[in-house]
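Per this note's numbering, the very first residue in the sequence shown carries number 34; after that it's consecutive.
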Amino acid sequence: MNHAYVFPAQGFLGFQLCTAMLEEGWEVTALDSGREMGDHWMEIGRNANLHWTSFGNWDRLVPSGSHVYLPYYDADDLLTEKEGKTLMEQAGYTIRVFSHFQDPPSGNPSGADIYVPTLIGLRQPVSYHFARLIKDVRVDEPVQDDPTGVIYVKDAARKIISCTGEKGELHLKGEAAWADASALLTEATIPQLEAPKNIRGKEIPVMASKSLENIFDEQLKEAGIKKGKNSFPYSDR
């Protein structure tokens, strides 16, 4: 049985990595900086293959043959360089996940670094354009969106897992354009966002398992918003 360590496991991408691994029958050790499990773990239900622990209580051991997954994409402040280094030193193989705007804190000669564009789906943080539109959050802070594309977070998680064993730099390429996704949620002028300066690594195509409309419908329901049938673009505030 494959055994994976995921840290931070309660983040937007980290949680979906754990979920996808459990669906594949993997054993998952979910590590987090917090001391309590979030309520969303209840979605998984009882699963003997899931082991959650805080990073502070972790015994600092990664069994031989286990893999480590570090979704830096979920925010640098959730995963420090020291914590990442500690896990990598214990693992024979590590996958790290970054946005195209992030730079790796160190080398990863025995594993793979995977870069992703904007990820969308349930629990998308309000630091992203789409979550702000859906939840009607209005703040002056810049968004974290990468306008080179969007990928459903569940599809990204499954593809990342399928890349296990790869080495070097890779980047996921989805089928949907960022501008097309934005146009479904607002008829307002699409904001001009800075594109990443570099798209690193071998391109890995990701096929969409759901339409943009269905993905955003999930996020609207999560926000307690009921839309009418065929109501995209959704712009009723």
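Using N, Cα and C, we set each Cβ at its ideal position, and we do this for glycine too.
A straight-line Cα-Cα distance of about 10 Å links I194 and C51.
Between the C-alpha atoms of L83 and L103 there is a straight-line separation of about 17 Å. Three or more beta-carbon pairs separated by less than 8 Å link the region 152-160 to the region 42-56, which places the two stretches in contact. DSSP places W59 in no beta strand (DSSP E); its state is neither H nor E. Its Cα nearest to that of G67, the residue L112 stands out among M54, A209 and L112. DSSP, reduced to helix, strand and coil, places V183 within a strand of the structure shown. Secondary structure remark: continuous beta strand (DSSP E) runs of at least 3 residues inside the region 187-248, in chain order: 201-206 and 235-238. Excluding the 5 residues flanking it on each side, K206 has same chain C-beta neighbours closer than 6 Å at E236 and P238, in chain order. The alpha-carbon of H73 is positioned some 13 Å away from that of W85.
With 16 or more other Cβ atoms from the protein chains shown falling within 10 Å of its own Cβ, S132 counts as buried. Membership of A164 in the alpha helix (DSSP H) is indicated by the continuous run H162 to K168. Distance from the CA atom of N231 to the CA atom of G140, rounded to whole angstroms, is 17 Å.
Using a C-beta cut-off of 8 Å, the region 87-96 makes contact with the region 118-131, since at least three inter-stretch Cβ pairs fall below that distance. Taking a 10 Å sphere around the C-beta of R191, we find 16 or more other C-beta atoms and assign the residue as buried.
Under the three-state reduction of DSSP, W91 is assigned to coil, being neither helix nor strand. Residue burial annotation: K259 is exposed, with fewer than 16 other C-beta atoms found within 10 angstroms of its C-beta.
The beta carbon of G201 sits closer than 8 Å to the beta carbons of A145, D146, G234 and K235 from its chain, once the five residues preceding and following it are set aside; these are given in chain order.
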